[in-house]
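Peer 1: Note that the working numbering has the sequence shown beginning at 3, numbered continuously upward.
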Amino acid sequence: MLQMMKFAWDNYKRYAWGKNELRPLTRNGHIGNMFGGLRGASIIDSLDTLYVMGLMDEYNEAKEWVQTSLDLNSNGEASLFEVNIRYVGGLLSAYYLTGEELFKNKVVELGEKLLPIEKPHGLYPNFLSPVSGNWVQHHVSIGGLGDSFYEYLIKSYLMSDKTDEDAKTTYYNALEAIEANLVQKSPGGLTYMAEWRGGILDHKMGHLACFSGGMIGIGADDGAPEKRQHYLDLAAEITHTCHESYTRSATKLGPEAFRFDSGAEATATRLSDRYYILRPEVIESYMYMWRLTHDPKYREWGWEAVEALEQHCRVDSGFSGIRDVYTTTVSHDNMQQSFFLSETLKYLYLLFSDDDLLPLEDWVFNTEAHPLPIIRTNCLQNEATQDKTL
């Protein structure tokens, strides 16, 4: 994993430095419009990975770029969500890991720019209607667009040192509703999460929803005590299903979405769902399940993914997504996503590291795998006491 990270980073530096992502086949950089006018997404996303892996020369190059070249005075429409999880998350975790004031100053400056001047009717519009306050779409999924909401409920609770009771209650209520409405078992015995479209179940699970094995796993301890084992079992079953989506492809990498209807199980039936863009969610769940159970199969599955990435996604000048996981004559998409450096390689590295590297009792990972510290309530109380004494 260390060698993979160094290879991905070196090629980004050589061919795409300062751009958002590397295009490894054409050996140039990609900017895109997701981050508005912001640049260097791969640099910000890599800071903590480089630091945690001990790649200090590379980390120092990244830090220097942040100091001299990160321009936050950019115009252009950006995805608030993506800028938040990648740039704010990346800078915050770099600050917490290293204590470097530079990162704190940059993240405060960026955070202030991201807050709206005004919010229509006090709402932060995404798919809520800012006029009526009603949901615009009745599409519920644990995959893209919905995933981070559920994930952040349990993570907010954990980050609060288990004091945020509202987040806790909302999470476990949501989990009950997810189990009642979305969790299904296929004829072949695979547990999966369907999507709900205006009351009709769509028997499809996205790669993005595969993070939910890890989410349900880390939340198992704090629900009703009699449900602890049930949640761990559910987490393991979902992670197993996501592994099956990898195992059932020719490349041993999983598709963007897989279906459970018309005889298919854990396979993509549509051509448009067959691609793999270096996504981390399945490996993320392996890492959490390894930490929670130490069942060796999770490391075996992780190693299968390493071998598949090396065989099918590594090209001469970096790593690239592939267009069809069901054929070994691969067609590359010419994009080394920044989340490959931030998430996929970090989760693989942690899967094969000791548990005391970023231990789950002290750190919570955001949606982009940027670790943030759990703020201990006793630390806050001690600070308050010290202030009073002073």
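Every residue, glycine too, gets a C-beta built ideally from N, C-alpha and C. Given the structure is predicted, the values throughout are model-derived calculations rather than measurements.
I need the boundaries of the beta strand (DSSP E) containing ALA259, first residue and last residue.
Peer 2: Unbroken beta strand (DSSP E) run through ALA259: 259 to 261.
Peer 1: Which residues bound the alpha helix (DSSP H) around GLN69?
Peer 2: 58 to 71 is the span of the alpha helix (DSSP H), which, as asked, contains GLN69.
Peer 1: Is it right to say HIS296 is buried, meaning 16 or more other beta carbons lie within 10 angstroms of its own, or is it exposed?
Peer 2: Exposed, by the Cβ-count rule.
Peer 1: Classify ILE324 as helix, strand or coil using the three-state DSSP reduction.
Peer 2: In this structure, ILE324 counts as strand in the three-state DSSP scheme.
Peer 1: Give the straight-line distance between the Cα atoms of ALA196 and SER162, rounded to the nearest whole angstrom.
Peer 2: If you take the alpha carbons of ALA196 and SER162, they lie about 31 Å apart.
Peer 1: Mapping the DSSP letters down to three states, classify PRO227 as helix, strand or coil.
Peer 2: If DSSP states are grouped into helix, strand and coil, PRO227 belongs with the helices.
Peer 1: Candidates ASN62, VAL110 and ARG25: which alpha carbon is nearest TYR14's?
Peer 2: If we check each option's Cα against that of TYR14, ARG25 comes out closest.
Peer 1: Which word fits CYS315, buried or exposed, when buried means at least 16 other C-beta atoms lie within 10 angstroms of its C-beta?
Peer 2: Buried.
Peer 1: Quick check: what's the CA-CA separation for HIS232 versus GLU181?
Peer 2: Answer to the nearest angstrom: the Cα atoms are 11 Å apart.
Peer 1: Looking at the structure shown, is LEU130 part of a helix, part of a strand, or coil, going by DSSP?
Peer 2: The predicted position of LEU130 is uncertain, since its pLDDT is 41 and thus under 50; no value can be drawn from it.
Peer 1: Since TYR98 and LEU374 are thought to touch, with beta carbons under 8 Å apart, how far apart are those beta carbons, to the nearest angstrom?
Peer 2: Between LEU374 and TYR98 the Cβ distance is about 6 Å, and since that is below 8 Å, they are a contact.
Peer 1: Using a threshold of 8 Å, state whether the C-beta atoms of TYR349 and ALA371 are closer than that.
Peer 2: Cβ distance < 8 Å, so TYR349 and ALA371 count as in contact.
Peer 1: DSSP three-state label for HIS242, please.
Peer 2: Helix, per DSSP.
Peer 1: For the beta strand (DSSP E) containing GLY250, list its first residue and its last residue.
Peer 2: What sits at residue 250 in the sequence shown is Arg, not Gly. Segment: none, ARG250 is in no beta strand (DSSP E) and carries neither H nor E.
Peer 1: Tell me which residues share the same chain as LYS157 and place their Cβ nearer than 7 Å to its Cβ, disregarding the 5 neighbours each side in the sequence.
Peer 2: Cβ within range, chain order: VAL366.
Peer 1: How far does the beta strand (DSSP E) with PHE83 in it extend, from its first residue to its last?
Peer 2: Premise fails: PHE83 lies in the alpha helix (DSSP H), 82 to 85, not in any beta strand (DSSP E).
Peer 1: Please classify SER95 as buried or exposed, where buried requires at least 16 neighbouring CB atoms within 10 angstroms.
Peer 2: Result: buried.
Peer 1: Of all the CB atoms in chain B, is at least one closer than 8 Å to the CB of VAL109?
Peer 2: Note that chain B does not occur in the displayed structure, where there is just one protein chain.
Peer 1: When you compare the region 209 to 218 with the region 267 to 285, are there three or more beta-carbon pairs, one atom per stretch, that lie closer than 8 Å?
Peer 2: With the cut-off at 8 Å, the region 209 to 218 and the region 267 to 285 touch.
Peer 1: Rounding to the nearest angstrom, what Cα-Cα distance links LYS106 and LEU93 in this structure?
Peer 2: If you take the alpha carbons of LYS106 and LEU93, they lie about 7 Å apart.
Peer 1: Please confirm whether any heavy atom of the ligand GDP lies closer than 7 Å to the CB of ILE285.
Peer 2: Ligands in the displayed structure: none, and consequently the ligand GDP is not present.
Peer 1: Let me know the secondary structure DSSP gives LEU104 once reduced to three states.
Peer 2: Helix, per DSSP.
Peer 1: Would DSSP call MET195 helix, strand or coil?
Peer 2: Strand, per DSSP.
Peer 1: Note down, in chain order, each residue of its chain lying with its Cβ closer than 6 Å to the Cβ of LEU234, except the 5 sequence neighbours on either side.
Peer 2: Once the five neighbours on either side are set aside, the close Cβ partners of LEU234 are ALA222.
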